[in-house]
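Enquirer:
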Amino acid sequence: MSVAKLAGGESRRAESAMTRRWRENYDQLIELRTLPCFSREQDYLELLRHLEQAEAERELTTTLVQYPEGLVPRGNGLIRPDDLLLLPPGAAAPDAQSLDRSGETETPARPPAADKVTPPATVETSPASQPVQPPLESLPSAPHRTPNQTPSGTDGGAQRFPRATGEDELLTPDAALPAAPALPPSLAAPPAAMPPTSPLPQPPMTGPLRTPPTPLPTSPPGPASGLPRVPPSAPSPSPMTPRAPTGNFPGAPHGPMQRHQAGPSTPGDPHRAVFECDPFPSATSCKKCHEKIFHEWSMSSHAYAAVSPMFHKFEQKINDLTRGTLGYFCMRCHSPVGTTLKFPRNEPIFHSVPAAAEGVTCVACHRVKQRYGRVNGERRVEPGDIYAPVFGGSDGAGLQHVLANKSAYKVKTHPGEKGPGQPIHTDAIQFEQLSSSHFCVSCHQVAVFPGIKLEVVWEQYRASPARRQGITCQNCHMGANPGRADGYECGPAAIVADKPVNPQRKHSNHIFHGPGYSIAHPGTFPINPKAQRWNYQQWLCFDWRAGWGTEAFEQALEQRRFRAVFPPEWSNVDDRYDAREVVEENLKRLQEKRESRQRVMENGSKLEGPFFTRPRRVGQPLHFNYLLTNMNGGHNFPTGSLGAQPQIWLNVALTGPDGCRLWESGYLDANGDIADRHSLEVAAGRIRHDDQLFNLQTKFLTTNLKGTDREMYLPVNLDVDQLPFIRPSGFPITTMNHPPLIRMEAHSLPPLAMRRAKYRVPADVVKRPGRYRLSVRMRSRAEPIYFMKFVGATDSMVQAMNERMLDFHAYAVEFEIKP
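In numbering that gives the first Met the number 0, the protein residues as written are 0 to 818.
See the structure below:
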């Protein structure tokens, strides 16, 4: 009995061809035929077609690495496998001549059909001369696509980016974000698995390119690189028109990556291995020409994004609570390069390439060429070596001047160039969104899967007076005056061979003025090339607080005034001296960042008072208030990541005529926490609750199964599900304006708004007449201590968090209390 008879006898020849490969699974086919879901003959035949399509894909995959540019043999030439798989079952594939796309702008019509896919004849090789490699896995089967669903053959070539869309045109959720044009073929990105080096200059292709009529000698697949293996004696593959590969670059969120147009590549190329391991240049490579920008960026929150020990503790804790379902969500923004390279999130980030450990490094912004909106950090970073083009807010005139005078500036535009010279990128393409607030949206407007908006800066800015006035994020956070749109400094775009390039150019400050600060070991942050002499673990063993490497410590040790035991990596006194120089240099940079933080907070807010509302007399309560105004017209005060952080509160203290402190609000407990509901000291009854606390911190509220809502450190509602799995909801939470069972308890101050902090000092405190003093200060801290302990922060992290807390608007007022 044949399978065709089981199917009812129709289309015997077609079904016989489809089932020829499945004879060994004959029993399974019969069993499937008896199932109710395949009772209809049409459903059963559809199943057989699907199996045949999967088998064709599997055969094409196993031959993909044997031919240049992933081509497979068909007819008298080579074709691309995706052109073949787009055909209906049984249709013939076009020959190589019909696939020429050199002058086409539309998808060509498909030729007549053939009956089956013929795999190429493999060339047997000696097992001793070829590595043993397991067969490649088959591609996952997919629904059938018709020819009219194929993408167009060209993308328009290399053009400059169109003028940025106006602010008001991009405010609606449904606004289309046009994609920037692709790079020229000679500058296209390399393939994902094993990127080649930068290409040698090639003449433009003027005519159609033919594929070789005879397939190259092949060998079994080598390492999973996705590149063809060509014997040394074989001729180099002919250059092909750049075309997107069938697979995506690792971690790329939107579509396939263009192939890199490269010249002949041999295993002896000295630059190929370097580029294969690290397709993203480190910021230290950019430092050689952009010294000032590197200095500013090295102490910024962008550079700190992947170094932050608090981030790693926080990210690990929330992944533990959600059973790992959060995945790479946080890493998208904190390490764009690490996410693109699919570096395992459970591995230490300092084991990755330097650009991944540098957080939001240079290429994280200046190698983005597509416009993105609210994508929760899911952006594509274009790979390429130091010679690949970059994208910026200017037209690149300064770079073109340098390239036109290569000998004077002593630069190299390709690794193959002989002699000394500074490597330099070969183009600077204007990308106007980089100078617009919309570029910041992808990481500064973030909603996690339950629908909670952790980052809300963009939504606040979109409705702010600053946006209506045309003020951008860059005007305040990269301008000359931190926190205010008072213009920019002027300075050279780069200094090449000690020659300033475009010295009167607008200089955007890459410190990115903001309130964030580092609690990392000063040997690991700010980013310092001198610190790379030791690895991260070695730096953590260097006790800088004890004075290692200082003259006082080392002389006392030499005089044997005390004894010290050092780890092996720090047993050499010269190493300790050298490391201390790095620490002292980084501490100076941290102080520079602190001054920027101070100016941001003082420029962005104003505190006035005290204002007394009742007569001041002995034995009567003292009523007064302070007026806090948000001077920032762009977003709330505070803004950024809500929920656990940040904290901004008012600390007020009353001192009596004898100099003793009589009353205080905004005080800290033994752990350094403010005395609110989350204080562990308050919960244990060891300190009283601060009933008059003025705190602008936003917190999470979760719904209990019974009773009232409660504040929680993280919005993982264990009352509802003790084994939570965070997945995108199937319910349109936007119709509720908040996620189900979770709400945000916001206390921040809107743009240009003001709020009064009202206080009442009990009558039993004011017992004697005389001169009293009210001292006040605003305090800013990145994380509450209870939350740090919750995620497992170390004591040194807690100490640094409290030591580097910022006080601003600090002053005191004296007044009289009459009898």
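Backbone N, C-alpha and C fix where the C-beta goes; we use that ideal spot for every residue, glycine too.
1. Taking only runs that begin and end inside the segment 483–539, name each unbroken beta strand (DSSP E) of 3 or more residues, in chain order.
2. For T702, collect the residues of the same chain with a Cβ closer than 6 angstroms to its Cβ; drop the 5 residues on either side in sequence, then sort them by chain order.
3. Take the Cβ of N650 as the centre, count every other Cβ of all protein chains shown within 10 Å, and call the residue buried at 16 or more, exposed below.
4. Given a cut-off of 7 angstroms, decide if G337 and A355 are closer than it, judged by their beta-carbon atoms.
5. If I follow the unbroken beta strand (DSSP E) through W662, where does it start and stop?
6. Which stretch, first to last residue, makes up the beta strand (DSSP E) that contains E454?
7. If you run the structure through DSSP and keep just helix, strand and coil, what is G459?
8. My output table needs one value for A363: the three-state DSSP class, helix, strand or coil.
9. Tell me the DSSP secondary structure of F824 in three-state form.
10. Bridge partners of K817, per DSSP?
11. I'd like the span of the alpha helix (DSSP H) that includes E584, first residue to last.
12. At which residues does the beta strand (DSSP E) containing G391 begin and terminate?
13. Does the segment 569–582 come close enough to the segment 541–557 to have 3 or more Cβ pairs within less than 8 angstroms?
14. Using 8 angstroms as the cut-off, can you tell me whether the segment 740–756 makes contact with the segment 786–805, which would need three or more C-beta pairs spanning the two stretches below that distance?
15. What did DSSP end up calling D668 once you bin it into helix, strand or coil?
16. Here's a check: name, in chain order, each residue in its chain whose Cβ is nearer than 8 angstroms to the Cβ of L700, leaving out the five neighbours to either side.
17. Can you give the Cα-Cα distance for I822 and R776, rounded to whole angstroms?
18. Would you tell me roughly how many angstroms separate the C-alpha atoms of P525 and Y303, rounded to the nearest one?
19. Using a 10 Å radius around the Cβ and a threshold of 16 neighbouring Cβ atoms, would you call N375 buried or exposed?
20. Ignore the nearest five residues each way along the sequence and tell me which others in S774's own chain have a CB closer than 6 angstroms to its CB.
21. Taking the beta carbon of V617 as the centre, do at least 16 other beta carbons fall within 10 Å, making it buried, or is it exposed?
22. Does DSSP put A819 in a helix, a strand or coil?
23. Taking just the CA atoms, how far does G486 sit from E601?
24. Report buried or exposed for D905, applying the criterion of at least 16 other Cβ atoms within 10 angstroms of its Cβ.
25. Should L47 be labelled buried (16 or more other beta-carbon atoms within 10 Å of its own) or exposed?
26. Taking the continuous alpha helix (DSSP H) assigned at H746, which residues delimit it?
27. Who are the near neighbours of F511 in its chain, counting only those whose CB is closer than 7 angstroms to its CB and skipping five residues on each side?
28. Grouping DSSP H, G and I as helix and E and B as strand, with all else coil, what is N650?
29. If you run the structure through DSSP and keep just helix, strand and coil, what is R778?
30. Could you tell me the distance, in whole angstroms, from the CA atom of G821 to the CA atom of D497?
31. Under 8 angstroms by Cβ, that's how I've got I423 and V401 pegged, so tell me the actual separation to the nearest angstrom.
32. Would H634 and Y460 be called neighbours here (beta carbons separated by less than 7 angstroms)?
33. Measure how close the beta-carbons of C472 and S441 come, nearest whole angstrom, since I'm counting them as under 8 angstroms.
34. Rounded to the nearest angstrom, how far is the Cβ of A833 from that of G395, given a contact under 8 angstroms?
35. Using the Cα positions of R331 and R598, report the straight-line distance between them to the nearest angstrom.
36. Within the continuous alpha helix (DSSP H) that includes M800, where are the two ends?
Expert: So, from the listed chains and residues:
1. 493–495 and 498–500
2. By 1-based counting over the sequence shown, the position of residue 702 is 703. Here the set comprises D708 and L740.
3. Working through the sequence shown from its first residue, we reach residue 650 at position 651. Buried.
4. Position 356 of the sequence shown, counted from the first residue, corresponds to residue 355. Position 338 of the sequence shown, counted from the first residue, corresponds to residue 337. Yes, Cβ-Cβ distance for A355 and G337 is below 7 angstroms.
5. To locate residue 662, count along the sequence shown from 1; it is residue 663. Run containing W662: R660 to S664, per the beta strand (DSSP E) assignment.
6. Here the question's residue 454 lines up with position 455 in the sequence shown. Unbroken beta strand (DSSP E) run through E454: K452 to V455.
7. Here residue 459 refers to the residue found at position 460 of the sequence shown. Note that residue 459 is Gln in the sequence shown, not Gly. The answer is helix: DSSP assigns Q459 an H, G or I state.
8. Position 364 of the sequence shown, counting from 1, holds the residue named residue 363. Correct three-state label for A363: helix.
9. Nothing in the structure corresponds to residue 824, since the chain is present only between 0 and 818.
10. Position 818 of the sequence shown, counted from the start, is the residue given in the question as residue 817. Paired residues: R616.
11. Residue 584 sits at position 585 when you count from the first residue of the sequence shown. Here the alpha helix (DSSP H) through E584 covers V572 to N602.
12. Within the sequence shown, the letter at position 392 stands for residue 391. Looking at the DSSP string, the run of the beta strand (DSSP E) that includes G391 is V389 to G391.
13. yes
14. no
15. As a working mapping, residue 668 is identified with position 669 in the sequence shown. D668: coil per DSSP, three-state reduction.
16. Translated into positions along the sequence shown, residue 700 becomes position 701. Closer than 8 angstroms at the Cβ level, and outside the excluded window around L700, lie D708, R709, E710, M711, I741, R742, M743 and E744.
17. The question about residue 822 has no answer, for the chain in this structure spans 0 to 818.
18. Stepping through the sequence shown from its first residue, residue 525 is reached at position 526. Stepping through the sequence shown from its first residue, residue 303 is reached at position 304. Each residue's alpha carbon lies about 8 angstroms from the other.
19. Position 376 of the sequence shown, counted from the first residue, corresponds to residue 375. With 16 or more other Cβ atoms within 10 Å, it is buried.
20. Working through the sequence shown from its first residue, we reach residue 774 at position 775. Closer than 6 angstroms at Cβ, skipping near neighbours: A652 and A811.
21. Locating residue 617 in the sequence shown gives position 618, where the first residue counts as 1. V617 should be labelled exposed.
22. Summary: the structure shown does not reach residue 819, with the chain confined to residues 0 through 818, and so no result is reported for it.
23. Numbered from its first residue, the sequence shown carries residue 601 at position 602. Numbered from its first residue, the sequence shown carries residue 486 at position 487. E601 and G486: Cα-Cα distance of roughly 18 angstroms.
24. Because the chain spans 0 through 818 in this model, residue 905 falls outside it and cannot be assessed.
25. Position 48 of the sequence shown, counting from 1, holds the residue named residue 47. Under this definition L47 is a buried residue.
26. Within the sequence shown, the letter at position 747 stands for residue 746. No alpha helix (DSSP H) contains H746, which DSSP labels as neither H nor E.
27. Position 512 of the sequence shown holds residue 511. Cβ within range, chain order: S299, S300, H301, H476 and M477.
28. Here residue 650 refers to the residue found at position 651 of the sequence shown. Residue state, collapsed to three classes: strand.
29. As a first step, residue 778 must be located in the sequence shown, where it is residue number 779. Looking at R778 - three-state DSSP - the assignment turns out to be strand.
30. Here the chain has residues from 0 to 818 only, and residue 821 is not among them.
31. Looking up residue 423 in the sequence shown gives position 424. Looking up residue 401 in the sequence shown gives position 402. Sure, about 7 angstroms apart at Cβ, within 8 angstroms.
32. As a first step, residue 634 must be located in the sequence shown, where it is residue number 635. As a first step, residue 460 must be located in the sequence shown, where it is residue number 461. Against a cut-off of 7 angstroms, the Cβ pair of Y460 and H634 comes out as a contact.
33. The residue labelled residue 472 in the question sits at position 473 within the sequence shown. The residue labelled residue 441 in the question sits at position 442 within the sequence shown. With a Cβ gap of about 13 angstroms, C472 and S441 do not count as contacting.
34. Residue 833 is absent from the structure shown; the chain starts at 0 and stops at 818.
35. Walking along the sequence shown from the start, residue 331 turns up at place 332. Walking along the sequence shown from the start, residue 598 turns up at place 599. Spanning the two alpha carbons is a distance of roughly 30 angstroms.
36. By 1-based counting over the sequence shown, the position of residue 800 is 801. D794 to E802 is the extent of the alpha helix (DSSP H) around M800.
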